[in-house]
Amino acid sequence: MKHSTTYVWLAVIFCVCLVSSNLFVPRTWQVGTLPLQLSGAILIFPISYIVNDCLTEIYGYKAAMRVIVMGFVMSLFVSLMAGLVTKLPAPLYEDNLALSDAFNSLFGLAPRTAVASLLAFFAGSTVNARIMSVMKEKSGEKGFGFRAILSSLGGESVDSLIFFPMVFAGIMPFKGIVSLVFTQVICKTLYELIILPLTAFIVRLIKKKESNVQYE
Numbered sequence: 099m100k101h102s103t104t105y106v107w108l109a110v111i112f113c114v115c116l117v118s119s120n121l122f123v124p125r126t127w128q129v130g131t132l133p134l135q136l137s138g139a140i141l142i143f144p145i146s147y148i149v150n151d152c153l154t155e156i157y158g159y160k161a162a163m164r165v166i167v168m169g170f171v172m173s174l175f176v177s178l179m180a181g182l183v184t185k186l187p188a189p190l191y192e193d194n195l196a197l198s199d200a201f202n203s204l205f206g207l208a209p210r211t212a213v214a215s216l217l218a219f220f221a222g223s224t225v226n227a228r229i230m231s232v233m234k235e236k237s238g239e240k241g242f243g244f245r246a247i248l249s250s251l252g253g254e255s256v257d258s259l260i261f262f263p264m265v266f267a268g269i270m271p272f273k274g275i276v277s278l279v280f281t282q283v284i285c286k287t288l289y290e291l292i293i294l295p296l297t298a299f300i301v302r303l304i305k306k307k308e309s310n311v312q313y314e
């Protein structure tokens, strides 16, 4: 099947955002002076949902699912390789031990993160794409903004409810995990709400450019 350059770029951006966000997950940070915290993935993961919305809106549900499966495989590969690297023998020189230990402490979570990511990502992205697709079938070309926000809220909720408890169970107190899930969903949805005008503009631009492209 022939793919347009724009479709390929969106697929690449989606995969890079997904893989990067999985590496940033362990770095949590406090929200100002509030008793709330976020994962470092908040900076980049919402972009994958925005791209997912664009793919579903422009190319259809099946085309979006192809990219979701691609991201799924790429994320699994990177996570497994990171876990494998942490099992390599210690470095030759003692000066490198601190760096090696820091690397292992971060990427040692990779296999665990991979399993959680596979389940959460596939479930969340599928819910996101499905909501977008069903709502578009009912409302046509109108109401993209509403579809984008509602689909992201559904997808982010499913993703966070699966991912964070699996990754941080036994590492973080239960109260902290609940706080992290709640804060992530709210902030990621607000992220998309703020950037919605830009997303809508990009969708209109690509739709015009890809007016003769059919992927369903």
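Numbering of the sequence shown is given in the numbering used here, commencing with residue 99 and proceeding in unit increments. Glycine is no exception: its CB is placed at the ideal position from the N, C-alpha and C atoms.
In three-state DSSP terms, what is residue i?
{"i": "THR131", "result": "coil"}
{"i": "SER119", "result": "helix"}
{"i": "ALA188", "result": "coil"}
{"i": "SER102", "result": "coil"}
{"i": "ILE304", "result": "helix"}
{"i": "LYS236", "result": "helix"}
{"i": "GLY241", "result": "coil"}
{"i": "GLY222", "result": "helix"}
{"i": "GLY169", "result": "helix"}
{"i": "GLY158", "result": "coil"}
{"i": "ILE142", "result": "coil"}
Tell me whether the beta-carbon of residue i lies closer than 8 Å to the beta-carbon of residue j.
{"i": "ALA246", "j": "LEU294", "result": "yes"}
{"i": "ILE304", "j": "ILE156", "result": "yes"}
{"i": "ASP151", "j": "THR297", "result": "yes"}
{"i": "PHE112", "j": "SER146", "result": "yes"}
{"i": "SER137", "j": "GLN282", "result": "yes"}
{"i": "PHE266", "j": "ILE275", "result": "yes"}
{"i": "ALA139", "j": "VAL123", "result": "yes"}
{"i": "SER223", "j": "GLY252", "result": "no"}
Since residue i contacts residue j with CB under 8 Å, what's their CB separation in whole angstroms?
{"i": "SER249", "j": "TYR159", "result": "Actually they do not touch by this definition, with Cβ atoms about 11 Å apart."}
{"i": "VAL256", "j": "VAL279", "result": "Not confirmed; about 11 Å, so no contact."}
{"i": "MET264", "j": "ALA214", "result": "4 Å"}
{"i": "SER173", "j": "PHE242", "result": "Not a contact, Cβ separation roughly 27 Å."}
{"i": "LEU153", "j": "VAL165", "result": "6 Å"}
{"i": "LYS307", "j": "THR104", "result": "6 Å"}
{"i": "PHE149", "j": "LEU108", "result": "The amino acid at residue 149 is misidentified as Phe; the sequence shows Val. That pair is a contact at about 5 Å."}
{"i": "GLU290", "j": "PRO144", "result": "6 Å"}
{"i": "ALA188", "j": "SER203", "result": "So it is not a contact: roughly 14 Å between Cβ atoms."}
{"i": "CYS205", "j": "VAL171", "result": "Checking the displayed sequence, the identity of residue 205 turns out to be Phe instead of Cys. With a Cβ gap of about 19 Å, PHE205 and VAL171 do not count as contacting."}
{"i": "SER277", "j": "GLN135", "result": "6 Å"}
Per DSSP, residue i forms a beta bridge with which residues?
{"i": "MET270", "result": "ALA267"}
{"i": "LEU136", "result": "TRP127"}
Is the shortest distance between the beta-carbon of residue i and the beta-carbons of chain E less than 8 Å?
{"i": "LEU278", "result": "The structure shown contains no chain E; it holds only a single protein chain."}
query = Hey, is the stretch 183-202 in contact with the stretch 111-128, meaning 3+ C-beta pairs nearer than 8 Å?
reply = no
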